[in-house]
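Here the sequence shown is numbered in the working numbering, starting from 141 and rising by one per residue. Below is one structure, written out as structure tokens; comments come after it.
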Amino acid sequence: MSGLEASHVAEAFASNFVAPVGPQLDAFEHAVNDYLGGGLHCVGLSSGSASLHLALRIAGVGPSDEVWISSMTFAGGIFPVNYLGATPRFFDLSPQSWTIDTAILAEELARANHENRLPKAILPTDLYGQSVDLDALERLATKYGVRLIVDSAESLGSEYGRGRKAGTGGDAAILSFNGNKIITTSGGGMLVTRHRDWATKARFLATQARDEAPHYEHSTYGYNYRLSNICAAIGLGQMRVLDERANRRRAIFARYRTALSRPGIVFMPEPKGYRSSRWLTVISIDPDITGVSREDVRLKLLDHSIEARPVWKPMHLQPLYAGSNYHGVGFDERLFETGLCLPSGSDMSDLQQDEVLFHICALFDDSSQMNGDLG
Ligand SMILES: Cc1ncc(COP(=O)(O)O)c(C=O)c1O
């Protein structure tokens with residue numbers, strides 16, 4: 141917490157808006173819109189997954205449709221496709237950005253167009269703080285007349301290029317304020333859209349789809365998905381420190397890169413013009429070059445009660461999605477074998493980071509010494 145949240149929460153209590161409506165919720169939506177550059181419509185919701193569920197439903201996704209998606213993503217970024225009975229088709233990452241490979245996507249869209257089987261929506265994921273290639277994706281979506289929903293749950297605080305912020309892409313982008321994200325409302329999310337009617341529809345569906353009437357009247361079904369005014373009050377305090385948090389994460393990344401620069405270790409690349417928040421610092425470790433595997437590092441850190449996690453397991457490798465269509469060359473599969481998310485919390489001190497680095501460097505030094513001895 142920044143220390144600013146408690147006063148916003150106190151204001152919410154004082155006004156008695158302890159509900160999924162209220163001035164703090166309105167102010168939080170405005171603050172996010174301003175941060176993203178304005179001119180958008182922001183709807184505060186109970187989670188990133190709820191935001192995605194609404195975006196897909198408003199895009200018209202249903203049981204006979206396909207949604208094309210980055211395979212390497214978190215479960216909450218795909219399960220809403222299942223809620224709507226649609227079928228996912230998975231895409232590999234580009235080695236240049238570690239986000240969806242737009243060349244492979246373009247090829248498959250052209251083929252699908254020819255065969256009259258275009259998807260209803262494309263759902264690329266901003267990965268670990270890095271925006272997808274919005275220009276290329278928006279061009280493709282327009283060319284083929286498909287909806288583009290960008291999963292920006294991990295990228296608030298990042299820039300795509302030329303000053304454009306992550307979270308502003310496509311027909312809609314979704315944000316997450318889950319406890320592990322760069323800013324949090326304890327739990328929460330947001331739908332960000334350039335379409336006014338999408339925002340109106342999201343507010344309607346998120347509050348149990350109540351038609352205009354003095355009694356309760358429903359012509360469709362809805363959800364209880366609106367963000368609580370109390371959680372929004374926390375978010376208001378967090379927005380004041382968002383850039384500070386992103387800068388801290390970038391500084392943590394820079395220290396890791398300086399200390400761990402050696403043959404066989406690759407950091408998540410940042411394409412020219414992009415500015416990742418480095419929500420998490422992600423590395424890939426080539427065991428053939430370093431003599432150390434991703435698991436060696438993870439387990440060594442775990443021995444010292446330090447948590448590091450493998451990158452997301454690609455969804456086409458998950459038992460749930462066995463037999464699904466996948467387009468790619470297996471870059472994401474190899475990254476899953478070698479990729480590790482290092483501790484990256486904004487509140488991590490330099491001393492704590494030094495401890496992480498000490499254990500990792502010791503492993504690499506032992507290994508090179510052993511290789512030297514053997515040599
Ligand atoms: C890529 C991605 N998509 C979607 C979500 C879902 O957000 P939430 O946890 O707020 O439902 C998350 C994170 O939690 C995520 O990392």
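Glycine included, C-beta positions come from ideal geometry on N, C-alpha and C. Small disclaimer: the values here were computed from a predicted structure and weren't measured.
- Message: Between the alpha carbons of residue 227 and residue 208, how many angstroms are there, rounded?
- Response: 8 Å
- Message: Using C-beta distances below 7 Å, list every residue in its chain close to residue 515, excluding the 5 sequence neighbours before and after it, in chain order.
- Response: Model confidence at residue 515 stands at a pLDDT of 41, short of 50, so the residue's coordinates are unreliable and nothing is read from them.
- residue 403 classed as buried or exposed, judged by whether at least 16 other C-beta atoms fall within 10 angstroms: exposed
- Message: What does the alpha-carbon distance come out to for the pair residue 300 and residue 353?
- Response: Inter-residue distance for residue 300 and residue 353 is about 44 Å (C-alpha atoms, whole angstroms).
- Between the region 367-385 and the region 142-149, are three or more C-beta pairs nearer than 8 Å? yes
- Query: What does residue 482 pair with, by DSSP beta-bridge criteria?
  - Reply: 421
- Message: Quick check on this structure: which residue in 466, 439 and 452 has the alpha carbon closest to the alpha carbon of residue 499?
- Response: 439
- Query: Is residue 318 near ligand 3, with its Cβ less than 7 Å from a heavy atom?
  - Reply: In the structure shown, ligand 3 is absent; the only ligands present are ligand 1.
- Query: Is any heavy atom in ligand 1 found nearer than 7 Å to the beta carbon of residue 291?
  - Reply: At least one heavy atom of ligand 1 is nearer than 7 Å to the Cβ of residue 291, so yes.
- Name the DSSP beta bridge partners of residue 406, please? 424
- Query: How do the region 188-195 and the region 395-415 stand: do at least 3 beta-carbon pairs fall below 8 Å, yes or no?
  - Reply: By the criterion of at least three beta-carbon pairs nearer than 8 Å, the region 188-195 is not in contact with the region 395-415.
- Query: From residue 159 to residue 372, what does the alpha carbon distance come to, in whole angstroms?
  - Reply: 10 Å
- From 493, 409 and 449, pick the residue whose C-alpha is nearest to that of residue 233; which is it? 409
- Task: Measuring alpha carbon to alpha carbon, tell me which of 392, 425, 430 and 412 ends up nearest residue 418.
- Result: Measuring from the Cα of residue 418, the nearest candidate turns out to be 392.
- Item | Coarse secondary structure for residue 515, derived from DSSP in three states | In this prediction, residue 515 scores a pLDDT of 41, lower than 50, which makes its location untrustworthy; the coordinate-derived value is nonetheless stated afterwards. Here residue 515 sits in coil by DSSP.
- Put residue 316 into one of helix, strand or coil per three-state DSSP. Correct three-state label for residue 316: strand.
- Item | Span separating the alpha-carbon of residue 324 from that of residue 376 | Roughly 10 Å between the two C-alpha positions.
- Item | Reduced DSSP category for residue 340 - H, G, I as helix; E, B as strand; rest coil | Taken through DSSP and simplified to helix, strand or coil, residue 340 comes out as helix.
- Message: Between which residues of its own chain and residue 156 is the CB-CB distance below 6 Å, once the five residues before and five after are set aside?
- Response: none
- For residue 282, does the count of other Cβ atoms within 10 angstroms reach 16, so buried, or fall short, so exposed? By the 10 Å Cβ count, residue 282 comes out exposed.
- Query: DSSP on residue 506, reduced to helix/strand/coil?
  - Reply: helix
- Query: In the structure shown, what three-state DSSP assignment does residue 364 receive?
  - Reply: strand
- Task: Pick out whichever of 437, 456, 223 and 454 has its Cα sitting closest to the Cα of residue 447.
- Result: For the set 437, 456, 223 and 454, the Cα lying nearest the Cα of residue 447 is the one of 437.
- Message: With distance defined between alpha-carbon atoms, name the residue in 368, 449 and 251 nearest to residue 149.
- Response: When only C-alpha atoms are compared, the closest one is 368.
- Query: Given a threshold of 16 other Cβ atoms within 10 Å of its Cβ, counted over all protein chains shown, does residue 312 qualify as buried or as exposed?
  - Reply: Per the 10 Å Cβ criterion, buried.
- To the nearest angstrom, report how far apart residue 213 and residue 355 are at their CA atoms. 42 Å
- Measuring CB to CB, does residue 469 end up less than 8 Å from residue 339? no
- What are the boundary residues of the alpha helix (DSSP H) that residue 291 is part of? Segment 287-291 is the beta strand (DSSP E) holding residue 291; no alpha helix (DSSP H) there.
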